[in-house]
Structure formats: C-alpha cells, structure tokens
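S.K.: What follows is a structure written as structure tokens; I'll ask about it next.
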Amino acid sequence: MLIRIITALIGIIVAFGVITCGGYFFAAAVLFLGILAWYEIFNMAKNKGLNIFKFTSGGGVLALLLIGNYFFLNNCEQNDFMSYAMMIIVVFLILITSEGLYRHCEKGEKWVENVALSTFAFLYCGLLFFLWLLPIIL
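Sequential numbering from 10 applies to the sequence shown in this note's numbering.
This is how it looks when you write it as structure tokens:
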C-alpha cells in the first residue's frame, strides 16, 4: 500500500509539472499515455485469450493522437481539429471491420468479438486522450 501512495504522489507531481509546462511536454505526455493505455488494453485482452487487431486499432490510436498533437501545437481552429478527427475515426473503423472480415473468412476467427474489442480499444484510448487536447484550443 505504501508503494501505491508513493507512486501516486510522484505521479501527481509529474502531472502537475507537465500540465504547467504545457506545449511540447503536454503533447508528448498525451501521446505517450494514449499509446500506453492502448498497449495495456491490448495485453489485458491477450492474457484473457481475446484478440485486438494490432495494426488497425493501434495504428488508429497513433494516427488520432498524432493529428491531435499537430493541431494542438499549431493552434489550429476547432472545426479543423474535429473534421480531421472524424475522418480518421471513420477510416480506421472501416479498416478494423475489414480486417475482422478478412480474418473471419481466411482464418475462421471470431468476427464480432474481435471487431468489437478492437473498436473499443481504438475509440476508448484514441478519443479519451485526443479530447484532452481539445479544451486547450477552445
């Protein structure tokens, strides 16, 4: 229990420093935490015997966060920010579904479970950390 308290205190200090510094430090922290969150969900599912599509789901999180960081660091308008986000979300949802159909037809994998888990991992990690950048632009 003491280790958790010490870790939490260090995490609060680091988070306060990153938020205070802002700019590149904040954008890099959001990118790192988004990828780390997706990796944790990927490993959790893998340990339970479930399958999350590595390239389409993880690539979608990476693309969404990189676009978010680009617009955040260049102080772009909110309309541009959200337009590109929606485009990336639609493209990667189509890619996740396509990969699920391919794996179902070629390898006989469970289609609905894999697509649902991959979509959840993409949207949960990608949108959660992407939207951390949005209030700064408003």
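From the three backbone atoms N, C-alpha and C, an ideal C-beta is built for every residue, glycine too.
#1: With a threshold of 6 Å on Cβ separation, who are the neighbours of residue 112 within its own chain once the five nearest residues in sequence on each side are excluded?
#2: Compute the beta-carbon to beta-carbon distance between residue 26 and residue 69, rounded to the nearest angstrom, for a pair I have assumed lies under 8 Å.
#3: Does residue 83 come out as helix, strand or coil in the three-state DSSP assignment?
#4: Keeping to the same chain, check which residues put their C-beta closer than 7 Å to that of residue 104; ignore five residues upstream and five downstream.
#5: Rounding to the nearest angstrom, what Cα-Cα distance links residue 40 and residue 31 in this structure?
#6: Inspect the CB distances between the segment 18–25 and the segment 78–86 and report whether three or more fall short of 8 Å.
#7: Going by other Cβ atoms of all chains shown within 10 Å of its Cβ, with 16 needed for buried, is residue 20 buried or exposed?
#8: Measuring only the C-alpha atoms, how far is residue 86 from residue 35?
#9: Taking contact to mean 3 or more Cβ pairs, one atom from each stretch, closer than 8 Å, check whether the segment 121–139 and the segment 47–56 are in contact.
#10: Kindly indicate which residue of 18, 12 and 143 has the alpha-carbon position closest to the one of residue 89.
#11: Taking 6 Å as the limit between beta carbons, can you name the residues of its chain near residue 60, skipping five residues before and five after?
#12: Quick check: the Cα distance between residue 57 and residue 74, rounded to an integer number of angstroms?
#13: Determine the DSSP secondary structure at residue 60, reduced to helix, strand or coil.
M.R.: Quick look at the numbers:
#1: For the purposes of this step, residue 112 is identified with residue 103 of the sequence shown, where counting begins at 1. Result list for residue 112: 118, in chain order.
#2: Locating residue 26 in the sequence shown gives position 17, where the first residue counts as 1. Locating residue 69 in the sequence shown gives position 60, where the first residue counts as 1. The pair is not a contact, with the Cβ atoms about 30 Å apart (cut-off 8 Å).
#3: Against the sequence shown, residue 83 aligns to sequence position 74. Coil.
#4: What you label residue 104 is simply residue 95 of the sequence shown in a count that begins at 1. Closer than 7 Å at Cβ, skipping near neighbours: 65.
#5: As a position in the sequence shown, residue 40 is number 31, starting the count at 1. As a position in the sequence shown, residue 31 is number 22, starting the count at 1. Going by the C-alpha atoms only, they are around 13 Å apart.
#6: Using a C-beta cut-off of 8 Å, the segment 18–25 makes no contact with the segment 78–86, since fewer than three inter-stretch Cβ pairs fall below that distance.
#7: On the sequence shown, residue 20 is found 11 positions in, with the first residue counted as 1. So residue 20 ends up on the exposed side.
#8: Working through the sequence shown from its first residue, we reach residue 86 at position 77. Working through the sequence shown from its first residue, we reach residue 35 at position 26. Their backbone Cα atoms lie some 19 Å apart in a straight line.
#9: Yes, the segment 121–139 touches the segment 47–56.
#10: Position 80 of the sequence shown, counting from 1, holds the residue named residue 89. Looking at the Cα atoms, 143 is the closest of the given residues.
#11: Working through the sequence shown from its first residue, we reach residue 60 at position 51. By the criterion of a C-beta distance shorter than 6 Å, residue 60 is surrounded in its chain by 123, once the five residues flanking it on both sides are discounted.
#12: Residue mapping note: residue 57 aligns to position 48 of the sequence shown, counting from 1. Residue mapping note: residue 74 aligns to position 65 of the sequence shown, counting from 1. For residue 57 and residue 74, the distance between alpha carbons rounds to 27 Å.
#13: In the sequence shown, residue 60 corresponds to position 51, counting from 1. It is coil, neither helix nor strand.
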